[in-house]
Each structure stands twice: as structure tokens, then as C-alpha cells.
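Below: one structure, written as C-alpha cells.
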Amino acid sequence: MASLALWNTCSPCCASFALKKHVTDNKKGNEEVLKTIEEGFFVDNCLYSVRTVVEGKKLILKLRSVLAEGGFNIRQWASNDSKVIEDLPSEAKSENYEFSIMSDHDEKPEPMLGLRWRCRQDQLHYNYKPIPYDRINLKNVYKVLASPV
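Add 9 to the 1-based position in the sequence shown for my numbering, that's all there is to it.
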């Protein structure tokens, strides 16, 4: 696959398939990367937990290397421990994360699968939007549930 049309309904599925296919075809010596892809990738987010900073750094370097070989540039990295991504170039880090680490301002949460992640506190948040009771119908419920956070 040379290119992928963005914003098509099938784009996330096609991208996930291509990503997994590349890693599966190149899994020799990359079993940890394959496990991370299979267990930790959801549409365009990678959510994976490791026990130590060293494990996190190694996994990120391996992921970036293996996926770059297939033309995948994984970016917007964030972690609840800044040491994990400190060696990454700034263009690979999340802008929200960079802003919050470099300043004393309140942290901007990372958007993630319809939730918001406050990295430093390692907390997930959801913005609740009440549905006016005078207009409850299936269409409005779906609209609230499916809308971007």
C-alpha cells in the first residue's frame, strides 16, 4: 500500500491492518514490538505500560525503529514519567506534553480514545455533557457519545 486516503470511514482499519502486517512480516527479533502493537494500539493511540523507565525507553526506540522501516512515523509521545521520552526529538513528543513540562502552567490533558489523560497525575478524565431532558432521543444520545472530547 503506497498511500492511504485520510478521513475515509475505512482509513483507521486500513492503517491498523498495514501497521500489524508490517510488524508481523518483520517479527523476528521484534516480538516485544509485535506484542505492543497487538495489545496496545487502538486506532491511532498506543497505550502500553512497562515497569521501569529503562524498559519504556527501550520499547519506544524499538517501536520507532521497526515502524519507521515500514514508513510509519509514530509521534505525539507522552508518558507519566518525563524521563521515558526525554531523549526523543521535540517533534516526536506531544505538543501538550512539551508545553506542560516546559512551563509551570496547568497541564493540558492528552486526548486519548475519547478520554483525556493528565500525564503527570496519571489520571484519566471524561468530559460529561448532560443531555437536556426535553430533547432525549436516540439520535441525541448517539451524538453526545460519539462526539470528540
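Positions of the beta carbon are idealized from the N, C-alpha and C atoms, including for glycine.
Collapsed DSSP secondary structure at residue i in the structure displayed
i, result
"R60", "coil"
"E119", "strand"
"R144", "helix"
"N149", "helix"
"K30", "helix"
"P139", "coil"
Top-ranked residue by Cα proximity to residue i, from the options
i, options, result
"Y137", "L56, D131, V150 and R129", "V150"
"N89", "G79, E119, V52 and S74", "E119"
"L97", "I69, K36 and R129", "I69"
"K92", "G79, I83, S99 and G65", "G65"
"R129", "P139, A87, K148 and G123", "A87"
"G80", "Y135, E40, P139 and A24", "A24"
"P21", "E41, N39 and N54", "N54"
"L56", "D34, Q85, N35 and K37", "Q85"
Beta-bridge pairing of residue i - partner residues as DSSP gives them
i, result
"H134", "R125"
Touch test, the segment 135-151 against the segment 89-107, Cβ-Cβ under 8 Å, three pairs minimum:
no
For the segment 43-109, which segments carrying the alpha helix (DSSP H) assignment without a break, of at least 4 residues, lie completely within its bounds, in sequence order?
Entirely contained in the segment 43-109, the alpha helix (DSSP H) runs reaching 4 residues are, in chain order, 62-78 and 91-94.
Cβ contact check for the segment 74-84 and the segment 116-131: 3 or more pairs under 8 Å:
no
Count Cβ pairs between the segment 22-29 and the segment 39-50 that sit closer than 8 Å; are there 3 or more?
yes
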